[in-house]
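Residue 2 is where the sequence shown starts when you use the working numbering, and the numbers rise one by one after that. Where a beta carbon is used, it is the ideal one built from N, C-alpha and C, also for glycine. All remarks here apply to the structure that follows.
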Amino acid sequence: MNIIQGDLLQLAADGRFDVIVHGCNCQCRMGRGIALSIRERFPAAWAADQRTVPADRGKLGTYSQAEVEENGHRFVVVNAYTQFHWQGDGVLAEYDAIGRAMRAIAREFHGKRIGYPLIGAGLAKGDWKIIAPIIDEALAGEDHTLVEFTG
């Protein structure tokens, strides 16, 4: 796992990544955190999420996606369904769902430059010490980068 500091969305718009991945809940809201930023900046990603069924547990470990273009750069925004809900006590991140989604992303986007934030470790209250190895294993052999937000 490569690790850099910056703004994932701006880096994608500047051509640094072919694919950016963020964790979503299954409620079709994208109302807080990086999901909200993506919803506002890349409405096609929001539209892709809206085409899925709200509150469908079957989405866990899957994703929706949208191709976007900004600053002359085309890239794919992936909404990975890594938690069921945004409300509740305790850890909301589903570690198994993170692994399933990232393995599927590795298959579909093999050879692409993949960027992501601390998936599952922010609002979903997951433990990055558990999540990082899951992502590393799922994306083994891929060009993937954790972007720690600075802003």
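Alpha carbon to alpha carbon, how far is residue i from residue j?
i    : j    : result
D15  : W47  : 20 Å
D57  : V78  : 21 Å
M103 : G73  : 27 Å
L10  : I39  : 8 Å
G32  : I135 : 26 Å
D97  : G127 : 12 Å
G123 : E70  : 27 Å
H23  : Q88  : 18 Å
A67  : A107 : 16 Å
T53  : I21  : 19 Å
Q28  : V148 : 25 Å
I131 : I5   : 19 Å
Y64  : N3   : 23 Å
H111 : A49  : 21 Å
Check residue i in the structure and name its three-state DSSP category.
i    : result
A7   : The sequence as given places Gly at residue 7; Ala does not occur at that position. Strand at G7.
G34  : helix
E138 : helix
E143 : coil
I132 : helix
G91  : coil
L61  : coil
E40  : Residue identity check: residue 40 is Arg in the sequence provided, not Glu. Reduced to three states, the DSSP call for R40 is helix.
Span of the alpha helix (DSSP H) holding residue i?
i    : result
R108 : Y96 to E109
D50  : P44 to Q51
Who does residue i pair with in a DSSP beta bridge?
i    : result
N26  : Q84
V79  : V22 and Q66
V148 : I5
E71  : H74
Taking all protein chains shown into account, do 16 or more other C-beta atoms lie within 10 angstroms of the C-beta of residue i, making it buried, or fewer, making it exposed?
i    : result
T83  : buried
T146 : buried
P118 : buried
R101 : buried
S36  : The amino acid at residue 36 is misidentified as Ser; the sequence shows Ala. Result: buried.
The beta strand (DSSP E) spanning residue i covers which residue range?
i    : result
I115 : R114 to Y117
For a cutoff of 7 Å on Cβ pairs, would you count residue i as touching chain D?
i   : result
C25 : Within the model displayed, chain D is absent; a lone protein chain is all it includes.
The ligand PLP and residue i: does any heavy atom of the ligand fall closer than 6 Å to the residue's C-beta?
i   : result
Q11 : Ligands displayed in this structure: none; no statement on the ligand PLP is therefore possible.
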